[in-house]
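S.K.:
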Amino acid sequence: MCLLISVFSYYIFRHYLQNTLIQSTETSLRLLSESMDSSINDVYRLVRYCQTDSSIANYIEHNPNPGSVLSVSTYDSFAEECSRNGAYNYMPRIAVVSQAHYLQVVATTYSSTADLAVQIPLLPYYEELLTADDYDFSTGIISDPFHRAGRKVLPIIRPITYQYNNKQAGYLFIEVSTDLFTVPLKDYSCPDDSYLYLTIADHTYIYEDNGLREFTPEYSLSQDMSNYSLTGDTQISRIHSQTKGEQILVTTPLDMPDCYLSQSISHAERTNQAILFLGILTCILIGILSIGVILMLLMNRMITVPVSHLQSRMKRISQGDFSRDPSIEWNHELGDIGRGINDLSENVSHLMERRLEDEKQKQDLEYKMLQSQINPHFLYNTLNSIKWMATIQGANGISEMTTSLSRLLKSISKGTSLLIDIREELSLLENYFTIQSYRYGGTISMDIQVDEESLYNSEIIKFTLQPLVENAIFHGIEPKGSAGHIQIHVGYEVADATDRIRIDVTDDGVGMTAEKSAQILSSNDDSSADFFREIGVSNVHKRLQYQFGTEYGITIESKEGEYTTMSIHIPNCPLEQRQA
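With my numbering as the guide, the letters of the sequence shown map in order to residues 2 to 581.
1) Please give the ranges of any beta strand (DSSP E) in the segment 29-100, keeping only runs that are unbroken, at least 3 residues long and fully inside the region.
2) Could you say which of Tyr60, Leu130, Asn540, His241 lies nearest to Gln164 if we only look at CA atoms?
3) So what's Asp527 in DSSP terms, helix, strand or just coil?
4) Just how far apart, CA to CA, sit Ile502 and Gln450?
5) Give me the Cα-Cα distance between Phe182 and Leu155, rounded to the nearest whole angstrom.
6) Using the C-alpha atoms, what's the distance from Met513 back to Leu456?
7) Report back the beta-carbon spacing between Arg149 and Val48 to the nearest angstrom; my notes put them in contact at under 8 angstroms.
8) How long is the line joining the alpha carbons of His476 and Gln520, rounded to whole angstroms?
9) Around the Cβ of Met353, are there at least 16 other Cβ atoms within 10 angstroms (buried) or fewer (exposed)?
10) Would you report the Cα separation of Asn228 and Ile237, rounded to the nearest angstrom?
11) Pull the bridge partners of Asp508 from the DSSP assignment, please.
12) CB-CB under 7 angstroms to Asp241, same chain, minus the five flanking residues each way: which ones, in chain order?
13) Note the first and the last residue of the continuous beta strand (DSSP E) segment covering Thr200.
14) Let's test the definition: count the other Cβ atoms within 10 Å of the Cβ of Ile569 and tell me whether it reaches 16, buried, or not, exposed.
15) How many whole angstroms separate the CB atoms of Ser72 and Thr253, which I take to be in contact at a CB cut-off of 8 angstroms?
16) Reducing DSSP to helix, strand and coil, say where Leu124 ends up.
17) Using the rule of at least 16 other Cβ atoms within 10 Å of the residue's Cβ for burial, across every protein chain shown, is Gln372 buried or exposed?
18) How would you write the range of the beta strand (DSSP E) that Phe434 sits in, first residue to last?
19) Closer than 6 angstroms by C-beta to Asp344: which residues in its own chain qualify, once you throw out the five before and the five after it? Chain order, please.
20) For the beta strand (DSSP E) holding Asp256, just list the boundary residues, first then last.
21) Compute the Euclidean distance between the alpha carbons of Pro599 and Phe434, then round it to the nearest angstrom.
22) What residues in its chain sit with their C-beta under 6 angstroms from that of Pro65, if we drop five residues either side in the sequence?
23) For the alpha helix (DSSP H) holding Met315, just list the boundary residues, first then last.
24) So Val44 and Val177 are supposed to be a Cβ contact under 8 angstroms. How far apart are they, rounded?
25) Need the endpoints of the beta strand (DSSP E) that Ala133 sits in, please.
26) Look at the alpha carbon of Ile489 and the alpha carbon of Thr403, and state the distance between them as a whole number of angstroms.
27) For Ser539, which three-state DSSP category applies?
28) Taking just the CA atoms, how far does Gly550 sit from Arg317?
29) List the whole-angstrom C-beta distance separating Ala584 from Thr162, where the pair is believed to meet the contact cut-off of C-beta under 8 angstroms.
30) Closest to Leu427 by CA distance: which of Val491, Thr566, Tyr89, Leu419 is it?
31) Between which two residues does the alpha helix (DSSP H) carrying Leu466 extend?
32) Using the C-alpha atoms, what's the distance from Leu429 back to Leu419?
33) DSSP state of Ile276, grouped into three classes?
34) Within the continuous beta strand (DSSP E) that includes Pro160, where are the two ends?
35) By the 10 Å Cβ neighbour count, where 16 or more other Cβ atoms means buried, how is Tyr441 classified, buried or exposed?
36) To the nearest angstrom, report how far apart Tyr91 and Leu277 are at their CA atoms.
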């Protein structure tokens, strides 16, 4: 495990070290490029000044002779603007050239007797740089054509137009010294095996010996790693060179078209950091293994031996030995467990005795429950006697009511099952309705319609329909003051792609408002005092939701003065399936 952790840690460290070196190199290059970009932007500002200044445009348009008032005044303002420019020291030659004459601001060491107005158009790159849409640095760093020693410069040629049209009248010629790039690089800290590259268009230069040397890149790109970059415009590449091997190259753009500054990440620095980490990791592993051995010995003495004693004690308890064993009550955490085991063993006998006592109490309670059933059975026998006497005397109504009441009481007292099938529930409802029909002198009637025979076997909560029929009689038909009819319909409905059963209880009574319907389903107030009415419509609704889920229950549809339909929604589940 330690070895796996070490390998994983080393891999994570290598990945983290590589990311850190890439990002630190990228940050340093960004700072270096910003320093160069600042000087480059100063050069751009001078170019914009020369292209937009009215005095220079006037000079170009009139093409005055050297020494004239216009030529001298234009030169004074031009030279002053050049000297104020932040990159002035990096521009050894700045010339504004008209048709036949020119104004030149030049360092003393760069002075020349050449006629720039004649010599510059003869340069091989003159036409290409002058007609380019933007700054063109495709010439790269070249030897100064107007300097005896041929110092290295980067030429810039930009057109100057007339004041009132876009036609070219003259041009601006600037030589940018390589010091613009090398001066910031002199103060840049770079490891010995890390290399700095400057790319200008198709030319690549390597920085060495405080100067730039042009060379042809010999490396090939093996992997693009730009996803490690902190900024979107920085490119990270893994390259392979025949002379320098595999390297990671960080490249950031300069504020010049097709110009980039690149640095290869030091391989020695990565290797040194990795070796240091491996040394630290090795020391940590040795320390962990030493601590592990010591802990193993201590745990064997402090845990393994006491645990074996506890296991032996538990085995004796399982064999029936519940006596207290003081030898396992040590003065530490395992000793607390030992004391708990001893306490447990002493309590087992008490628990067994208590269980015997509870069994005896249970038997006594069952005997009392059997005795409590004597009175309901006596009542059933009495009602049966009344039934036969009424039959003998020809009082069929009394006989039928007594039979129905007897069946209802028997259903209430027998069993404690919550769920019954719909067939049995409808039978209980018919017994209840028989009693009520005699009570109202036959002015109410009830029809039951079941769509399919299989519906009789589906389960429903006991005494679900009776409170709804009772509510229909007492609150729907009775206030109407005339005969009424109740329709019971049992059928299927499809909701949420699940088969469900819907039982509609419809009466032709006085109806109710929507507010009253909502109040019935949410109210806990039941006005009846008998057993069935205490269940209440709202209680039935809640019982259905508790049993089957909130998507089931009762819904009410009513119209005042016409009808009320209470619909019971339950799942289609035959009772025998649940019992199975």
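Virtual Cβ for every residue (Gly too), placed ideally from N, Cα, C.
M.R.: So, from the data block:
1) Counting only runs of 3 or more, we get 94-98.
2) Closest by C-alpha distance to Gln164, out of Tyr60, Leu130, Asn540, His241, is Tyr60.
3) Bear in mind that a pLDDT of 45 at Asp527, under 50, signals an unreliable position, so the number given afterwards is only what the model happens to contain. Asp527: coil per DSSP, three-state reduction.
4) For Ile502 and Gln450, the distance between alpha carbons rounds to 13 angstroms.
5) If I take the Cα positions, the gap works out to 11 angstroms.
6) Cα to Cα, the separation comes out at about 30 angstroms.
7) No, Arg149 and Val48 are not in contact; Cβ-Cβ is about 27 angstroms, not under 8 angstroms.
8) Whole-angstrom Cα-Cα distance: 14 angstroms.
9) That one is exposed.
10) Taking C-alpha positions only, Asn228 is separated from Ile237 by approximately 8 angstroms.
11) Answer by DSSP bridge pairing, in chain order: Ile487, Thr565.
12) One detail in the question is off: residue 241 reads as His in this sequence, not Asp. If we look at His241 and ignore the five residues flanking it on each side, its Cβ neighbours are Tyr220, Ser221, Ser223, Glu247.
13) Per DSSP, Thr200 belongs to the beta strand (DSSP E) from 197-201.
14) Residue environment: Ile569 is assigned as buried (16 or more neighbouring CB atoms within 10 Å of its CB, all protein chains considered).
15) With 8 angstroms as the limit, Ser72 and Thr253 do not qualify as a contact, their Cβ atoms being about 44 angstroms apart.
16) Look at Leu124 here: in three-state DSSP terms it is coil, with no helix or strand label.
17) Any reading at Gln372 needs caution, since the residue's pLDDT is 46, under 50, leaving its predicted position unreliable; the model's value is listed next. Around the beta carbon of Gln372, fewer than 16 other beta carbons sit within 10 angstroms, so the residue counts as exposed.
18) Phe434 -> not in any beta strand (DSSP E); alpha helix (DSSP H) instead, spanning 423-440.
19) Contacts found: none.
20) Taken as a continuous stretch (DSSP letters only), Asp256 belongs to no beta strand (DSSP E), as it is neither H nor E.
21) Residue 599 falls outside the range modelled here, since the chain spans only 2 to 581, and no answer is possible.
22) Closer than 6 angstroms at the Cβ level, and outside the excluded window around Pro65, lie Leu71, Ser72.
23) From DSSP, the alpha helix (DSSP H) with Met315 extends over 306-319.
24) That belief holds up - the Cβ atoms of Val44 and Val177 are roughly 6 angstroms apart, short of 8 angstroms.
25) For Ala133, no beta strand (DSSP E) encloses it, and the DSSP letter there is neither H nor E.
26) So the two alpha carbons sit approximately 24 angstroms from each other.
27) Annotated three-state conformation of Ser539 is helix, per DSSP.
28) C-alpha separation (whole angstroms): 50 angstroms.
29) Here the chain covers residues 2 to 581 and nothing more, so residue 584 does not appear.
30) For Leu427, the nearest C-alpha among the options comes from Val491.
31) Residues 466-473.
32) Looking at the two C-alpha atoms, the distance is approximately 14 angstroms.
33) Residue state, collapsed to three classes: helix.
34) Element bounds for Pro160: 153-162.
35) Residue burial is scored here from C-beta neighbours: Tyr441 has fewer than 16 other C-beta atoms within 10 angstroms and is therefore classed as exposed.
36) Going by the C-alpha atoms only, they are around 44 angstroms apart.
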